[in-house]
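See structure below.
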Ligand code: CUA
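Residue numbers (my numbering): 4 to 341.
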């Protein structure tokens, strides 16, 4: 058994190098599962063969002797597998949570899947197609969406695979451990050129990455573009930071909870902001009328991501104490409960 593990690891590593901080954890769990499965499959197969020969019928009129149920045996083959699956579950959950919680200091890269290419944008604004440059050792958070059908963002070397779903923001993150060039694939059949929807992740030393960023024309950052769109699309008319008449103030709402007309409290995250732009009537904040027009079809997925980046960046209003002038979303939410 112990000989199989390194052999499997070797053949697997040959096709996909291990180049992120989670890939070791994922591999350890995966190969342990393979080892457990192989052990029990072999054990059951050997037991079947042995018992079939040992207890075979030796004459045509032979009757098997009466046997009693062995409680000890029943308990053993129930409790041992139970302990194993619970251990695998706990271990798997730990790896899962680690893979799904981006660190706070992560840089955000947006990913839009489209038939048949990956469109990516750096936090500083540089756009890339089918290619992503990242610095080694830095946590990179991916906000993934699609503008047509379901794709799947797959980087085998980082052990990342996340579906890109139209109308939804899906998160993933990685921290590359080795400079190099790694495959980026689409892992969800999405039509004619699905198999060509490939790209590469270029992991660079920090100073090389800075040099790469500095090359070319200075781009507009997602935040600046979001601010521009916010003004151009007329959002500021109703969502002014200082007025609270037609639409709620958006200052400092990101990451908090807001109370809806239904009384339900929902977290203000990327997905909520996106939904509130394309389908404003879906979740109206308590105290407001569903007067906002939809921006469905008027803004591209990239523009929506830029607007979300802008709203995310808005600081809370300076007066943290309850002010008589304009109630914040927070104090409004509290007021409705009392
Ligand atoms: Cu996109 Cu397959």
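Beta carbons are placed, not taken as given, at the ideal position from N, Cα and C, and that holds for glycine.
If you draw a 10 Å sphere on the C-beta of residue 273, you find 16 or more other C-beta atoms in it, and that means buried. Of the residues assessed, residue 69 falls on the exposed side of the cut-off, its CB having fewer than 16 other CB atoms within 10 angstroms.
Judged by DSSP secondary structure, residue 161 falls outside any alpha helix (DSSP H); it is assigned neither H nor E. Note: residue 115 is bridge-paired with 122 and 148 in the DSSP secondary-structure output. Between residue 296 and the set 289, 285, 160 and 303, the nearest pair of CA atoms involves 285. Residue 146 sits buried, since 16 or more C-beta atoms from the chains shown fall within 10 Å of its C-beta. When distances are taken from the beta-carbon of residue 193 to the heavy atoms of ligand 1, the shortest one is below 7 Å. Straight-line spacing of the CA atoms in residue 282 and residue 170 works out to 10 Å. Around the CB of residue 163, 16 or more other CB atoms lie within 10 Å, so the residue is classed as buried.
Distance from the C-beta of residue 186 to the nearest heavy atom of ligand 1 is not below 7 Å. Checking the DSSP bridge columns, you'll see residue 260 partnered with 270. In this structure, the C-beta of residue 140 stays at least 7 Å away from each heavy atom of ligand 1. Between residue 149 and residue 115, the C-beta spacing is below 8 Å. When only Cα atoms are considered, residue 209 and residue 291 end up about 47 Å apart. Comparing alpha-carbon positions, the option among 255, 305 and 293 lying closest to residue 277 turns out to be 305. The Cβ atoms of residue 316 and residue 161 do not sit closer than 8 Å to each other. Under DSSP, the beta-bridge partners assigned to residue 202 are 187.
At a cut-off of 7 Å, the beta-carbon of residue 119 counts as near ligand 1: some heavy atom of the ligand is closer than that. Going by C-alpha positions, residue 32 is about 33 Å away from residue 194. A residue is called buried once 16 or more other Cβ atoms fall within 10 Å of its Cβ, and residue 167 is buried on that count. A direct Cα-Cα distance of roughly 48 Å separates residue 157 from residue 74.
Here DSSP, grouped into helix, strand and coil, assigns residue 33 to helix.
Excluding sequence positions up to five before and after residue 121, its CB lies within less than 6 Å of the CB of 133 and 202, all in the same chain and listed in chain order.
As DSSP reads the structure, residue 134 sits in a beta bridge with 203. Taking all protein chains in view, the Cβ of residue 298 is crowded by 16 or more other Cβ atoms within 10 Å, so the residue is classified as buried. Taking 8 Å as the upper bound for CB-CB distance, residue 225 and residue 131 are not in contact here, some 13 Å apart.
At a threshold of 7 Å, residue 200 counts as near ligand 1, since its beta carbon sits closer than that to one of the ligand's heavy atoms. Assignment of residue 211 by DSSP, reduced to helix, strand and coil, places it in the helix class. Of the residues assessed, residue 229 falls on the buried side of the cut-off, its CB having 16 or more other CB atoms within 10 angstroms. Residue 23 and residue 98 have their C-alpha atoms some 13 Å from each other. Checking the 7 Å criterion, the Cβ of residue 170 is out of range of every heavy atom belonging to ligand 1. Residue burial annotation: residue 71 is exposed, with fewer than 16 other C-beta atoms found within 10 angstroms of its C-beta.
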